[in-house]
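Before any comments, here is the structure.
2 protein chains.
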Amino acid sequence: MTVKTSSAVHAAGECDDSCAPGSGLDVATAARAAEVFKALSDPVRLRLYTRIAACDGETCVCDIQDVGVSQPTVSHHLRKLREAGLIDSERRGTWVYYRPVAGALTVLDAVRH
Amino acid sequence: MTVKTSSAVHAAGECDDSCAPGSGLDVATAARAAEVFKALSDPVRLRLYTRIAACDGETCVCDIQDVGVSQPTVSHHLRKLREAGLIDSERRGTWVYYRPVAGALTVLDAVRH
DNA sequence: GCATTGAATTGATGGTTGTCAATATAGAGG
DNA sequence: CCTCTATATTGACAACCATCAATTCAATGC
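So the sequence lines, in the order shown, correspond to chains A and B. When we follow our numbering, the leftmost residue of the first sequence carries the number 765, and every step to the right adds one. When we follow our numbering, the leftmost residue of the second sequence carries the number 765, and every step to the right adds one.
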């Protein structure tokens, strides 16, 4: 249902559900998708992730420290991304390497309708 | 994270930037994209948006009140979505109608690769 | 005018978040 | 052993957020 002229489309105290009531995401999908969106909702975190994801291989943490925040803050954001399942880390000697988790962003397609 | 064989890839005190240093989002784009992600980072807000976006036309607020939270909270979330530029509202008589802003999600493509 | 209904705002509250300084942990190399 | 360097963790603090009850605003109808 689309247009409704300002004439009395609605009965008293009742409004027509013009659009499908079951439309939109279900609760479970919305919860999971919201987690991913939340993980990417910070500018610093977004830049960290896109830099990691831009690499086909892996990225050394030492290469992505220049994002304007302190080292502990970078570590904090990387942990958030890891907990959200967007990236994966691996220690090799002194350095730690990060790489994107394949298919982690497919949940976002649920929004593109 | 799993430990791997430690072959000395890095020289002492210096780490190779194997990936392009200019990769990832620039500061401005990241800031804008993060706003959109943040607007969609709440389960309730996500369901509200997807229900509005699922409609080709417009959606009456009265049709999307059943998301498990109180009426003021729904209004609060709709305001957030409006401030983020994702939806648009219009009052017609007693009821208020919402519709998605076209192309508001194109920013998200910056992350998909 | 008054009463009613739908939606937005206000105020308060408990919880979460981003940030940094300080500290801890882990490995490499004496 | 000890020192040095690279990440991670802890603790603290201000800012923000999601939620609801109470109230206000807007429009309709009597």
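Note that beta-carbon positions come from the ideal geometry of N, C-alpha and C, so glycine has one too.
In the DSSP assignment, residue 824(A) forms a beta bridge with 861(A). Bounds of any alpha helix (DSSP H) do not take in residue 787(A), whose DSSP letter is neither H nor E.
In terms of CA proximity to residue 868(B), 875(A) leads the group 853(A), 855(A), 825(A) and 875(A). For residue 844(A), not one C-beta of chain B is nearer than 8 angstroms to its own C-beta.
In the displayed model, residue 873(B) falls within a helix according to three-state DSSP. Per DSSP, the unbroken alpha helix (DSSP H) holding residue 839(A) starts and ends at 835-847. The C-alpha of residue 791(B) is placed about 18 angstroms away from the C-alpha of residue 801(A).
The region 843-853 of chain A and the region 812-821 of chain A touch, with no fewer than 3 CB-CB distances between them shorter than 8 angstroms.
According to the DSSP secondary-structure assignment, residue 796(B) is paired through a beta bridge with no residue. Here residue 833(A) is exposed. Its C-beta has fewer than 16 other C-beta atoms within 10 Å. Here the C-alpha atom of residue 841(A) lies approximately 24 angstroms from the C-alpha atom of residue 844(B). Distance from residue 863(B) to residue 821(B) at the Cβ level is roughly 7 angstroms; contact confirmed, criterion being Cβ atoms closer than 8 angstroms.
Within the region 793-805 of chain B, contact with chain A at the beta-carbon level (separation under 7 angstroms) is assigned to 794, 795, 797, 798, 801, 802, 804 and 805. Chain-ordered listing is empty here: chain B has no CB closer than 7 angstroms to the CB of residue 837(A), the nearest sitting near 15 angstroms.
Contact annotation for residue 814(B) against chain A: 788, 789 and 875 [CB-CB distance below 7 angstroms, chain order]. Per DSSP, the continuous alpha helix (DSSP H) segment holding residue 808(A) begins and ends at 807-818.
Comparing alpha carbon positions, the residue from 836(A), 865(A) and 789(A) closest to residue 818(A) is 865(A). Interface flag for residue 850(A) against chain B is unset, since no Cβ pair is found closer than 8 angstroms. Taking the CA atoms as reference points, residue 825(A) sits about 13 angstroms from residue 846(A). DSSP places residue 852(A) inside the beta strand (DSSP E), whose first and last residues are 851-856. Residue 807(A) has a beta carbon lying within less than 8 angstroms of a beta carbon in chain B. A residue is called buried when at least 16 other Cβ atoms come within 10 angstroms of its Cβ; residue 795(B) does not meet this threshold and is exposed. Relative to the Cα of residue 808(A), the nearest Cα in the group 837(B), 807(B), 799(B) and 803(B) belongs to 799(B).
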